[in-house]
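Undergrad:
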Amino acid sequence: MAEDKLTKIVSLCRRRGFVFGGSEIYGGLASFWDYGPLGVRLKKKIKDVWWDTYVNRRNDIVGLDSSIIMHEDVFRASGHLEGFADLLVDCPGCKKRFRLDKL
Numbered sequence: 257m258a259e260d261k262l263t264k265i266v267s268l269c270r271r272r273g274f275v276f277g278g279s280e281i282y283g284g285l286a287s288f289w290d291y292g293p294l295g296v297r298l299k300k301k302i303k304d305v306w307w308d309t310y311v312n313r314r315n316d317i318v319g320l321d322s323s324i325i326m327h328e329d330v331f332r333a334s335g336h337l338e339g340f341a342d343l344l345v346d347c348p349g350c351k352k353r354f355r356l357d358k359l
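Add 256 to a position in the sequence shown, counting from 1, and you land on the number used in the numbering used here.
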């Protein structure tokens, strides 16, 4: 039932121009979305409210906008290199195992 509601919400958002499937004209990418004009405006409003609530109204918080591509030492220090593992899922039908990011 929840899946049905989500499908209806996504369908409405697509019809109204809030979102479009990422790379849709080239076949698309599962779980990737591009924001349309209304989606961009809504996303900005949500970000602005969040920023005002959790950054501007507090004296002990400052904003930081950092790069998502970092030196390998950052990932080593955080434990991401040693603790990284690809998530796998088992298909009960064919009894095979697949990487979650490749589905």
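Positions of the beta carbon are idealized from the N, C-alpha and C atoms, including for glycine. Since we're looking at a predicted model, the values are computed, not measured.
#1: Does the distance from the CB of D342 to the CB of R353 come in under 8 angstroms?
#2: In three-state terms, what does DSSP make of V318?
#3: Which of the three DSSP states, helix, strand or coil, is assigned to D342?
#4: Over the uninterrupted alpha helix (DSSP H) stretch that includes V296, give me the two end residues.
#5: Looking at the ligand FAD, does it come within less than 7 angstroms of H336, judged from the CB to the closest heavy atom?
TA: For this structure:
#1: Indexing the sequence shown from 1 puts residue 342 at position 86. Indexing the sequence shown from 1 puts residue 353 at position 97. Cβ atoms of D342 and R353: not closer than 8 angstroms.
#2: Here residue 318 refers to the residue found at position 62 when the sequence shown is read from its first residue. V318: coil per DSSP, three-state reduction.
#3: Start at 1 with the first residue of the sequence shown, and residue 342 comes out as number 86. Note: D342 maps to coil in three-state DSSP.
#4: Along the sequence shown, one-based indexing puts residue 296 at 40. From DSSP, the alpha helix (DSSP H) with V296 extends over P293 to W307.
#5: Looking for the ligand FAD in the displayed structure turns up nothing, as the structure carries no ligands at all.
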